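Below is one structure, written out as structure tokens, with a few remarks after it.
Residue numbers (the UniProt record's numbering): 1 to 789.
In structure tokens:
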């Protein structure tokens, strides 16, 4: 199937090239007129696909005139794959920025809702500064969805941004704008309304590596819990294997029966798993995760008395990102820094479900082929390998496997020294901040000048990368060096053999390893890559078959009695490394799938709530009246169905708390019977009187309509925020249960459905409370201020 696709794309690319001379003959004005002609054809019913060769040829010529760069054939080929909703695998240095101008222009002809997504603000602004000139030259509108001076509190004009034909923005900016749209009180305050076409740069980083990091809008802070420190003290006293267990991949942890009993004894309580102690048990679960699943300088760093999370795939600091459901505060308690206030989740969405909203999803990256199956199964998109413009000259050598970390490091150090003798630049990859720092110290001990690039030195990244291609340069880095600005070789470095990439351990997937290899050999440059790995590497310890541990002990003893450090010759050890990485990769895929399953349950609820909000925002007066009548009916029915409520005191409490603060208690004497029918009739009459009073105070029908809208929206938002926060906490607690004895997804689905049903029932009464108990204050200009109960 993909071969058939590829042949089709090749034919189209040749058509585009054949049309290039035709458009080269046109004047600037004539070239710009093509946009108007294309749009006229679309208005007459033509499809975008039918004008692709002509439109792409126009962009090729515009790129040449405006940017002074003419796309190569392979860039045109990649652009065609992107138009049709594929992942274009284009190697480092193959010009992805220029490639994007073609599909973005063609889809932009159809109007708004077309996005190019970058991984950070700098790239979005850099790319729009460059390529935006082409779109504007051709008559399209283009805007940046991120502010130029974000750190100074600058904001973008969302109305202008999202009305543009083409928007360059980041994944997080788009996601948050979408979530905030669904807290609006009017359609005029919603901007992200069209999901037509999206092109994601470094698509694997966003849709795979960040798939388990949901976007969450945090709202009003909760009352600060004093359980964080208490829980941290307790879990630090636990013994693994006795009080708690961890899964083989060290991704999940849970209490044993002994651990549960120990917690009850420590805290002096009984039945900690009961509803009464639900919140305390949640704190114990997250303290267990913080202490035994998350690690300093691997998952996070401490900087200026603050916890900063690290991206597992590239080691970069995730500024502004916090773990939810109290886990961030649990880490703060673990590390002894100031515990920040835990806030409520007002809304959340994963990148998986955000980008699946688009009609056409596409993306570019240098490494996707190894994960083609997951792209197809999760997003229904194919990976198309685009040939390089020049042959790849880099040599990727077979891994050298050593017994211990020490022997591996010393062997890799010899490779670095040999490269320096040849005056070649060297890039050394490490798997964590700690390891990069250790390797840096070893280089200093051997008097080898170098630069260090990790999460703590990321502010110097562009300068360090600019130096990395010079002859004799040595750069030590975490996997964050696998992406970003190209390492450009000086001529001397090129002549000396190019960049040598030295990996000191395999990463969580071969895709990330390939990213690192791809830093060498860009655009036909020479280069080499080699990985030095050991039986003590994290990926082997955590993900290798069970026999590996015993084999490692045996080999370690043998090495102690031998002279020097030599690589293991048997192929079974290379196979072991590959198997370990494959196991870890499968665990990562399973984790992403689990995240998707959890979020799919939340998505169903979220979509229902957002649909209800939109119905309220756009509903006619008659439709809103029907909604309020249902709210009144349901709220009263919920009250009278409980027999214990059919007495004078219960009815008075219900009235004072929900219907009328100033109710005359003597009016209750009019009730001669306390049965369902008479109580319901009495309460409905009271509500009718209150509504009449409100209408007399606010006689304008338009103001009444708007008041009813915001009353309903306030009720929905209040209860949905509680539900969103509850779902985040529910995920944490369920993931803290013994996976061998539970079905987490099923349990989450059952409990989430139960709480959603309870929320919907609560909305009816909340809406009536907001309607009848809100204080209306008339202002001098005739408008009203509303103070909700």
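Using N, Cα and C, we set each Cβ at its ideal position, and we do this for glycine too. In this text, all values refer to a predicted model and were calculated from it rather than measured experimentally.
Under three-state DSSP, which class holds residue i?
| i | result |
| --- | --- |
| residue 513 | helix |
| residue 138 | coil |
| residue 692 | helix |
| residue 528 | strand |
| residue 7 | helix |
| residue 743 | coil |
| residue 170 | strand |
| residue 671 | coil |
| residue 363 | strand |
| residue 471 | coil |
| residue 93 | coil |
| residue 435 | helix |
| residue 215 | strand |
| residue 192 | coil |
| residue 119 | coil |
| residue 395 | strand |
| residue 253 | strand |
| residue 680 | helix |
| residue 204 | helix |
| residue 770 | helix |
When you compare only the Cα positions, how much space is there between residue i and residue j?
| i | j | result |
| --- | --- | --- |
| residue 506 | residue 584 | 11 Å |
| residue 214 | residue 350 | 4 Å |
| residue 551 | residue 429 | 26 Å |
| residue 236 | residue 436 | 28 Å |
| residue 384 | residue 81 | 7 Å |
| residue 357 | residue 192 | 11 Å |
| residue 302 | residue 285 | 22 Å |
| residue 418 | residue 333 | 46 Å |
| residue 658 | residue 769 | 5 Å |
| residue 203 | residue 462 | 22 Å |
| residue 555 | residue 521 | 36 Å |
| residue 391 | residue 523 | 8 Å |
| residue 669 | residue 648 | 9 Å |
| residue 119 | residue 411 | 36 Å |
| residue 73 | residue 18 | 11 Å |
| residue 579 | residue 558 | 24 Å |
| residue 130 | residue 431 | 34 Å |
| residue 576 | residue 508 | 14 Å |
| residue 530 | residue 500 | 8 Å |
| residue 174 | residue 145 | 8 Å |
| residue 621 | residue 210 | 44 Å |
| residue 196 | residue 113 | 5 Å |
| residue 189 | residue 607 | 18 Å |
| residue 5 | residue 382 | 10 Å |
| residue 615 | residue 247 | 45 Å |
| residue 528 | residue 517 | 8 Å |
Since I believe residue j is in contact with residue i (beta carbons under 8 Å), could you give me their beta-carbon distance rounded to a whole number of angstroms?
| i | j | result |
| --- | --- | --- |
| residue 137 | residue 59 | Contact flag wrong, Cβ pair sits at about 10 Å. |
| residue 600 | residue 404 | Actually they do not touch by this definition, with Cβ atoms about 44 Å apart. |
| residue 250 | residue 293 | 7 Å |
| residue 640 | residue 646 | 7 Å |
For residue i, which residues in the same chain have their Cβ closer than 6 Å to its Cβ, ignoring the five residues on either side in sequence?
| i | result |
| --- | --- |
| residue 14 | none |
| residue 95 | 75 |
| residue 537 | 505 |
| residue 440 | 452, 476 |
| residue 416 | 426 |
| residue 389 | 72, 74 |
For residue i, which residues from the same chain have a beta carbon less than 8 Å from its beta carbon, with the 5 sequence-adjacent residues on both sides left out?
| i | result |
| --- | --- |
| residue 159 | 191 |
| residue 526 | 393, 394, 494, 497, 498 |
| residue 374 | 208, 589, 592 |
Near residue i, which residues of its chain fall below 7 Å by C-beta distance, leaving aside the five closest residues on each side in sequence?
| i | result |
| --- | --- |
| residue 704 | 695, 698 |
| residue 631 | 764, 767, 768 |
| residue 778 | 784 |
| residue 748 | 598, 601, 730, 731, 734 |
| residue 782 | none |
Within 8 Å of any Cβ in chain B, is that where the Cβ of residue i sits?
| i | result |
| --- | --- |
| residue 466 | As a matter of chain content, chain B is missing from the structure shown, which is built from one protein chain. |
Worksheet item: Counting Cβ pairs, one atom from each stretch, are 3 or more of them under 8 Å apart for the segment 325-343 and the segment 299-308?
Response: yes
Worksheet entry | Given 8 Å, three or more beta-carbon pairs between the segment 236-253 and the segment 267-282 | no
Discussion item. Quick check: the segment 61-76 against the segment 358-367, are at least 3 beta-carbon pairs closer than 8 Å?
Written reply: no
Fill in: the segment 713-725 contacting the segment 759-778, beta-carbon criterion three pairs below 8 Å
yes
Item to complete: Taking 8 Å as the threshold, find out whether the segment 491-508 comes into contact with the segment 364-381 through three or more Cβ pairs.
Response: no
Worksheet item: Does the segment 464-474 come within contact of the segment 396-403, defined as at least 3 CB pairs closer than 8 Å?
Response: no
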